[in-house]
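Take a look at the structure below.
2 protein chains.
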Amino acid sequence: MNRYAVIMAGGGGTRFWPLSRQTTPKQVLNISGNDVMINETIKRYDGIIPFEHSFIVTNQVQEKLIKDVLLEYVPHDNILVEPAARNTAPCIIYAALVLMKKYGDGVMCVFPSDHYITDGQGFTNILEKAAVLAEQTDKLITIGIKPTFPSTGYGYINFNKYKPYGEDVFEVLEFVEKPNFDKAKQYIASGNYLWNSGMFVWKVSVIIENFKRFLPRIYDRIREFTEFIGTDKEKEVLEQIYPTLQNISIDFGIMERSNEVLVIPGDFGWNDVGSWDALGAIFPPDENGNIVRADYVGVDTKNCIVYGSGRLIATVGLENMIIVNTDDALLVCPKDKAQDVKKIVDRLKEEKRTEYL
Amino acid sequence: MNRYAVIMAGGGGTRFWPLSRQTTPKQVLNISGNDVMINETIKRYDGIIPFEHSFIVTNQVQEKLIKDVLLEYVPHDNILVEPAARNTAPCIIYAALVLMKKYGDGVMCVFPSDHYITDGQGFTNILEKAAVLAEQTDKLITIGIKPTFPSTGYGYINFNKYKPYGEDVFEVLEFVEKPNFDKAKQYIASGNYLWNSGMFVWKVSVIIENFKRFLPRIYDRIREFTEFIGTDKEKEVLEQIYPTLQNISIDFGIMERSNEVLVIPGDFGWNDVGSWDALGAIFPPDENGNIVRADYVGVDTKNCIVYGSGRLIATVGLENMIIVNTDDALLVCPKDKAQDVKKIVDRLKEEKRTEYL
Chain D
8 MNRYAVIMAG GGGTRFWPLS RQTTPKQVLN ISGNDVMINE TIKRYDGIIP
58 FEHSFIVTNQ VQEKLIKDVL LEYVPHDNIL VEPAARNTAP CIIYAALVLM
108 KKYGDGVMCV FPSDHYITDG QGFTNILEKA AVLAEQTDKL ITIGIKPTFP
158 STGYGYINFN KYKPYGEDVF EVLEFVEKPN FDKAKQYIAS GNYLWNSGMF
208 VWKVSVIIEN FKRFLPRIYD RIREFTEFIG TDKEKEVLEQ IYPTLQNISI
258 DFGIMERSNE VLVIPGDFGW NDVGSWDALG AIFPPDENGN IVRADYVGVD
308 TKNCIVYGSG RLIATVGLEN MIIVNTDDAL LVCPKDKAQD VKKIVDRLKE
358 EKRTEYL
Chain R
8 MNRYAVIMAG GGGTRFWPLS RQTTPKQVLN ISGNDVMINE TIKRYDGIIP
58 FEHSFIVTNQ VQEKLIKDVL LEYVPHDNIL VEPAARNTAP CIIYAALVLM
108 KKYGDGVMCV FPSDHYITDG QGFTNILEKA AVLAEQTDKL ITIGIKPTFP
158 STGYGYINFN KYKPYGEDVF EVLEFVEKPN FDKAKQYIAS GNYLWNSGMF
208 VWKVSVIIEN FKRFLPRIYD RIREFTEFIG TDKEKEVLEQ IYPTLQNISI
258 DFGIMERSNE VLVIPGDFGW NDVGSWDALG AIFPPDENGN IVRADYVGVD
308 TKNCIVYGSG RLIATVGLEN MIIVNTDDAL LVCPKDKAQD VKKIVDRLKE
358 EKRTEYL
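Listed in order, the protein sequences are those of chains D and R. Going by the working numbering, the first sequence opens with residue 8, and the numbers climb by one from there. Going by the working numbering, the second sequence opens with residue 8, and the numbers climb by one from there.
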């Protein structure tokens, strides 16, 4: 069975401000120093899914940005442009219908475009297992991450330890939202919870069937689009239908409702790079615990993240601080407030300071 | 009696890095937003000392910088250039000998070039009183500052409350070095201590006599220079003599030894602007206690000092932090480490990063 990758690349990444902007969202940033995140996402499934079977779902603003950076192996025709932001469920059925029309059935692997994985080999082992399982069954398969600490920033997957599908494949009991710290500690202690990575593997036909069953309002509307795929009217029809689709996530719309979901636990250094403090998961700290990507002089400074452009950054007596200095803007905030960088972006929107958005 | 101002302008101001550099020391910076500090120092004695009687003692590196910014009322011939840095005692006898040779005796008022005073009228009242007292007596007069908190960053003057010279003039018992916090609290509680502002008023003839008595090694060497003042050989002779003079402060060399020292207490919002946290004494804080001189967006930020150039500065969840962003360098440090900015400059020297010095 052919395999296809669907990469969801519509996020704004406001929590990586001032590096991420509307014109430079996280997925087109080269945060690791190797390549932009979307290309790292593609390279990661080398040997498992052919590069030319990569499909990118993005929005009108980012279409050009992505074309500019995208690996040459991926045809630009494979960039699917959403006429409106409608969350992950519409995004996935859109891609599934295109795949079905163009290629017929196959295995569809869905990836966020802007996550980071340190152990590439560990990842491909799990992905191969998931793809084979999707071929062999009609299950919805997700890759869960073995938690390394009681994170309150990730959703969790509660699984059944009974193993009818072989070693390291489990039935999902429940998807749970981001917990508070006490809940998160209980989840970790129980051993029955994994982090929800947002990576899904299933047959194209299977996910379409699930939309018919669980999200019929979406399915009934967008199915009308199918006959126009590959025609001159494709774009026009999509622009009429898409904005009217229900705004709902695949997790909430399907994964949490179906009892045909399996999870394969992975342990390959995954990180959603959701905010600046995640840089600690990508780069090794120096002897003072600092992560430095800048021209930097530090005195009595510990456990900081220092990210700069050409100009010198100097600190004295700092601890657990994030400093990001770009060509036009500077951010300073404590690590434990990294999530609140979004508030700065909100303020800039209020003040209509579009040059910084 | 004529009055003369001698302004000591040789300091490097490393604690105001990255704004202050060798090529932009504190005295030529416009920190207040009104004028550069050396000109603010001059304007402050308007009506008490004629501007054209201003003498600036500086070094070879800063001579041109000062000429470039100096108020037009001050003749460039009044800039005295030290061939070497020898602390304040040689600086003062050099100026005194030049004044005596050119004008004969008079009242000499010595000021640091880079301090800040909020209440100009309060200052001139005290300065006038000191100048009159210097005319009428042969005392060494200093202006002491009524302490507003137990500072460990200033030297103190212990005075005798007996008032043989009239209201608000006191005999000095002792000059004391920067104390620790407990000592400073005792000083404040006693009511017998003032901050040492480094401002001195005396007759030219009187300070020369004091050099003869207390610093004869300096006096005997530099007196040879006197006959060359105003001749073609002035510079050449000074360059031979000056570097051989003892490196000693006027406080240690004369003020602490003489028992002919009077102090007039002042309460005019004086601040030596010794480090970035002193900006709080110059600018009023906003409703969150922040002192902002920058294009700034702050979320949940309190009691910070934010000083920028053209680029945006954004902070979340910060407290008591100093952020200074110049065109080529950024400083971030907690307020209570403001004195340690010097350590960054030291590090840059070690690393020979002269572009930032």
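Glycine included, C-beta positions come from ideal geometry on N, C-alpha and C. None of these values were measured; they are calculated from a predicted model.
Span of the beta strand (DSSP E), counted from its first residue to its last, around residue i
{"i": "Thr149(R)", "result": "Leu147 to Ile152"}
{"i": "Ala345(D)", "result": "That residue, Ala345(D), is in no beta strand (DSSP E); it is neither H nor E in DSSP."}
{"i": "Leu201(D)", "result": "Tyr200 to Lys210"}
{"i": "Val6(D)", "result": "The question about residue 6(D) has no answer, for chain D in this structure spans 8 to 364."}
{"i": "Pro119(D)", "result": "Val114 to Pro119"}
{"i": "Leu180(R)", "result": "Phe177 to Val183"}
{"i": "Asp302(R)", "result": "Ile298 to Val306"}
{"i": "Glu89(R)", "result": "Ile86 to Glu89"}
{"i": "Val68(D)", "result": "Careful: Val68(D) lies outside any beta strand (DSSP E), inside the alpha helix (DSSP H) at Gln67 to Val76."}
{"i": "Phe259(R)", "result": "Where Phe259(R) is concerned, there is no enclosing beta strand (DSSP E), given that its DSSP letter is neither H nor E."}
{"i": "Asn167(D)", "result": "Tyr163 to Asn167"}
Whole-angstrom C-beta distance between residue j and residue i, which should lie under 8 Å
{"i": "Ala336(D)", "j": "Pro25(D)", "result": "4 Å"}
{"i": "Pro57(R)", "j": "Pro250(R)", "result": "Contact flag wrong, Cβ pair sits at about 33 Å."}
{"i": "Ile312(D)", "j": "Ile289(D)", "result": "Between Ile289(D) and Ile312(D) the Cβ distance is about 10 Å, and since that is not below 8 Å, they are no contact."}
{"i": "Tyr11(R)", "j": "Val64(R)", "result": "Contact flag wrong, Cβ pair sits at about 12 Å."}
{"i": "Ile164(R)", "j": "Asn203(R)", "result": "5 Å"}
{"i": "Asp334(D)", "j": "Ile320(D)", "result": "Going by Cβ atoms, the distance from Asp334(D) to Ile320(D) rounds to 14 Å, so no, they are not a contact pair."}
{"i": "Ala103(R)", "j": "Val211(R)", "result": "5 Å"}
{"i": "Lys185(D)", "j": "Gly162(D)", "result": "6 Å"}
{"i": "Arg22(D)", "j": "Gly281(D)", "result": "6 Å"}
{"i": "Phe166(D)", "j": "Asn199(D)", "result": "6 Å"}
{"i": "Ala16(R)", "j": "Ile73(R)", "result": "6 Å"}
Counted within 10 angstroms of its Cβ, other Cβ atoms place residue i as buried (16 or more) or exposed
{"i": "Asp279(D)", "result": "buried"}
{"i": "Lys344(D)", "result": "buried"}
{"i": "Pro341(D)", "result": "buried"}
{"i": "Ser158(D)", "result": "buried"}
{"i": "Phe218(D)", "result": "buried"}
{"i": "Tyr169(D)", "result": "exposed"}
{"i": "Lys242(R)", "result": "exposed"}
{"i": "Ala196(R)", "result": "exposed"}
{"i": "Thr308(D)", "result": "buried"}
{"i": "Arg51(R)", "result": "buried"}
{"i": "Gln143(D)", "result": "exposed"}
{"i": "Asn266(R)", "result": "exposed"}
{"i": "Lys350(R)", "result": "buried"}
{"i": "Thr361(D)", "result": "exposed"}
{"i": "Tyr363(D)", "result": "buried"}
Segment limits, alpha helix (DSSP H) that includes residue i
{"i": "Tyr194(R)", "result": "Phe188 to Ser197"}
{"i": "Thr95(D)", "result": "Thr95 to Tyr110"}
{"i": "Thr48(R)", "result": "Met44 to Lys50"}
{"i": "Asp227(R)", "result": "Pro223 to Ile229"}
{"i": "Gly287(R)", "result": "Leu286 to Ile289"}
{"i": "Leu269(R)", "result": "Run containing Leu269(R): none in the alpha helix (DSSP H); it sits in the beta strand (DSSP E), Val268 to Gly273."}
{"i": "Val244(D)", "result": "Glu241 to Ile248"}
Contact check, residue i vs residue j, beta carbons under 7 Å
{"i": "Asp145(R)", "j": "Val208(R)", "result": "no"}
{"i": "Gly276(D)", "j": "Ile124(D)", "result": "yes"}
{"i": "Ser256(R)", "j": "Asn94(R)", "result": "yes"}
{"i": "Asn332(D)", "j": "Asn310(D)", "result": "no"}
{"i": "Gln34(R)", "j": "Met44(R)", "result": "yes"}
{"i": "Val114(R)", "j": "Ala96(R)", "result": "no"}
{"i": "Val268(R)", "j": "Val117(R)", "result": "no"}
{"i": "Leu252(R)", "j": "Ile225(R)", "result": "yes"}
{"i": "Gly451(D)", "j": "Pro119(D)", "result": "Because chain D here runs from 8 to 364, residue 451(D) falls outside it and cannot be looked at."}
{"i": "Pro272(D)", "j": "Leu180(D)", "result": "no"}
{"i": "Val323(D)", "j": "Asp284(R)", "result": "no"}
{"i": "Gln67(R)", "j": "Val81(R)", "result": "no"}
{"i": "Asn46(D)", "j": "Phe62(D)", "result": "no"}
{"i": "Lys108(R)", "j": "Ile236(R)", "result": "yes"}
{"i": "Leu140(D)", "j": "Ile133(D)", "result": "no"}
{"i": "Asp258(R)", "j": "Phe177(R)", "result": "no"}
**Q.** Interface residues of the region 267–296 of chain D facing chain R [CB-CB below 9 Å]
**A.** Those would be none; no residue qualifies.
Q: May I ask you to list, following chain order, the residues of the region 135–153 of chain D that have a beta carbon less than 7 Å from some beta carbon of chain R?
A: Taking 7 Å as the upper bound on Cβ-Cβ separation, chain R lies near no residue of the region 135–153 of chain D.
Q) Which of the residues in the region 322–333 of chain R, read from start to end, lie with their CB under 8 Å from any CB of chain D? A) Of all residues in the region 322–333 of chain R, those with a C-beta nearer than 8 Å to a C-beta of chain D are Thr322, Val323, Gly324, Leu325, Met328, Ile330 and Asn332, reading in chain order.
Q. If you measure beta-carbon to beta-carbon, which residues of the region 303–320 of chain R are closer than 8 Å to chain D?
A. Of all residues in the region 303–320 of chain R, those with a C-beta nearer than 8 Å to a C-beta of chain D are Val304, Val306, Asp307, Gly315, Arg318, Leu319 and Ile320, reading in chain order.
Q) Using a Cβ cut-off of 7 Å, which residues of the region 332–356 of chain D contact any Cβ in chain R, in chain order? A) Taken in chain order, the members of the region 332–356 of chain D whose beta-carbon sits within less than 7 Å of a beta-carbon on chain R are Asn332, Asp335, Ala336, Leu337, Leu338, Val339, Cys340, Pro341, Lys344, Asp347, Val348, Lys350, Ile351, Arg354 and Leu355.
Q) Can you list, in chain order, the residues of the region 162–175 of chain R whose Cβ is nearer than 7 Å to any Cβ on chain D? A) Cβ contacts with chain D: none found.
Q) Relative to chain R, which residues along the region 42–56 of chain D have a C-beta separation below 9 Å, given in chain order? A) Within the region 42–56 of chain D, not one residue has a Cβ closer than 9 Å to any Cβ of chain R.
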